[in-house]
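Here is the structure we will look at, set down as structure tokens.
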Amino acid sequence: DVKVTQSSRYLVKRTGEKVFLECVQDMDHENMFWYRQDPGLGLRLIYFSYDVKMKEKGDIPEGYSVSREKKERFSLILESASTNQTSMYLCASKSDRHFQETQYFGPGTRLLVL
Amino acid sequence: AQSVTQLDSQVPVFEEAPVELRCNYSSSVSVYLFWYVQYPNQGLQLLLKYLSGSTLVKGINGFEAEFNKSQTSFHLRKPSVHISDTAEYFCAVSDPDQAGTALIFGKGTTLSVSS
Chain V
21 DVKVTQSSRY LVKRTGEKVF LECVQDMDHE NMFWYRQDPG LGLRLIYFSY DVKMKEKGDI
81 PEGYSVSREK KERFSLILES ASTNQTSMYL CASKSDRHFQ ETQYFGPGTR LLVL
Chain H
74 AQSVTQLDSQ VPVFEEAPVE LRCNYSSSVS VYLFWYVQYP NQGLQLLLKY LSGSTLVKGI
134 NGFEAEFNKS QTSFHLRKPS VHISDTAEYF CAVSDPDQAG TALIFGKGTT LSVSS
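So the sequence lines, in the order shown, correspond to chains V and H. So the number in the working numbering is just where the residue sits in the first sequence, counting from 1, plus 20. So the number in the working numbering is just where the residue sits in the second sequence, counting from 1, plus 73.
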């Protein structure tokens, strides 16, 4: 079974703190994604990565950065957390193999910024 | 750009009743289509997907969906729901011509099953 793990289920941070959210997948997937989930808005893409050290902005990248130094790990960084970044953050991974289109999701990290 | 519309934000039903959750997407070009389910305090789990072939797709937990290209729809159905089906359901699309791209999600439909 594919497994996508996220470093924390719940996090509480203060405004202005630097926050790291870690995601690890064990299926050697090329592609990894960070989404943000808010009530009534569904999931919105923050960043994705299609290879080590490669990244692409999604729909809402402002206030975030990412790092992918190893194939299995994709980190989301909030450089200076703000209250409007309080949300659920979901990581996903996907293979590049033809017709392997399923994205596999981690359990999510619920972040509260005070 | 692609977009996904889930026509109902909340769907309340009684146990053992049939249910349909509606999903429309914006483009008539080739797409891949997905339904995901999210149980409380969990990540998303794939219910079913349409990549090609038969337009009627069967998934887990007794769900099925029908791809209708002319109506750009991919509605999710279950003939008889259980209390345990209470969850949030997301419809999503991706572009088959762009490998590695992210999914575009609808805003979700909350299915509430009561006895």
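Each residue gets a CB set at the ideal place from its N, CA and C atoms; glycine is no exception.
What residue range does the beta strand (DSSP E) around residue i cover?
{"i": "Lys151(H)", "result": "146-151"}
{"i": "Gly62(V)", "result": "62-69"}
{"i": "Arg117(V)", "result": "Here Arg117(V) belongs to no beta strand (DSSP E), and DSSP marks it neither H nor E."}
{"i": "Thr40(V)", "result": "Note that residue 40(V) is Phe in the sequence shown here, rather than Thr. 39-45 is the span of the beta strand (DSSP E), which, as asked, contains Phe40(V)."}
{"i": "Gln118(H)", "result": "117-123"}
{"i": "Leu106(H)", "result": "105-111"}
{"i": "Pro85(H)", "result": "83-87"}
{"i": "Thr182(H)", "result": "182-187"}
{"i": "Val92(H)", "result": "92-94"}
{"i": "Met52(V)", "result": "51-58"}
{"i": "Arg130(V)", "result": "129-133"}
{"i": "Val32(V)", "result": "30-33"}
I need the DSSP call for residue i, collapsed to helix, strand or coil.
{"i": "Asp168(H)", "result": "coil"}
{"i": "Asn104(V)", "result": "helix"}
{"i": "Ser95(V)", "result": "strand"}
{"i": "Asn134(H)", "result": "helix"}
{"i": "Ile80(V)", "result": "coil"}
{"i": "Asp158(H)", "result": "helix"}
{"i": "Gln75(H)", "result": "coil"}
{"i": "Thr25(V)", "result": "strand"}
{"i": "Val214(H)", "result": "Here chain H comprises residues numbered 74 to 188, so residue 214(H) is not present and cannot be evaluated."}
{"i": "Glu121(V)", "result": "coil"}
{"i": "Arg88(V)", "result": "strand"}
{"i": "Asn141(H)", "result": "strand"}
{"i": "Asn114(H)", "result": "coil"}
Open item on the list: Output needed in chain order: residues of the stretch 106-122 of chain H with a Cβ under 7 Å from some Cβ in chain V.
Closed with: The residues in question are Gln115, Gly116, Leu117, Leu119, Lys122.
- [ ] Report the residues of the stretch 42-69 of chain V with a CB closer than 7 Å to any CB of chain H, ordered along the chain.
- [x] Contact residues of the stretch 42-69 of chain V toward chain H are Glu50, Asn51, Phe53, Gly60, Leu61, Gly62, Leu63, Leu65, Phe68 (C-beta to C-beta distance below 7 Å).
- [ ] Could you please tell me which residues of the stretch 106-117 of chain V, in chain order, have their CB closer than 9 Å to any CB of chain H?
- [x] Against chain H - using a Cβ distance shorter than 9 Å - the residues of the stretch 106-117 of chain V are Leu110, Cys111, Ala112, Lys114, Asp116.
TODO: Return the residues of the stretch 77-89 of chain H that lie within a Cβ-Cβ distance of less than 9 Å from chain V, sorted by chain order.
DONE: The stretch 77-89 of chain H vs chain V, Cβ under 9 Å: Val77, Gln79, Ser82.
Task: the stretch 51-61 of chain V in contact with the stretch 104-121 of chain V per 3-pair CB rule at 8 Å - done: Output reads yes: the stretch 104-121 of chain V touches the stretch 51-61 of chain V.
TODO: Could you please tell me which residues of the stretch 168-188 of chain H, in chain order, have their CB closer than 9 Å to any CB of chain V?
DONE: Considering only beta carbons, the part of the stretch 168-188 of chain H lying closer than 9 Å to chain V consists of Pro169, Ala172, Gly173, Thr174, Ala175, Leu176, Ile177, Phe178, Gly179, Lys180, Gly181, in chain order.
Task: Interface residues of the stretch 136-163 of chain H facing chain V [CB-CB below 9 Å] - done: Against chain V - using a Cβ distance shorter than 9 Å - the residues of the stretch 136-163 of chain H are Phe163.
Task: Contact between the stretch 129-148 of chain H and the stretch 24-40 of chain V (3+ Cβ pairs under 8 Å) - done: Two segments are said to touch when three or more pairs of C-beta atoms, one from each, lie closer than 8 Å; by this definition the stretch 129-148 of chain H does not touch the stretch 24-40 of chain V.
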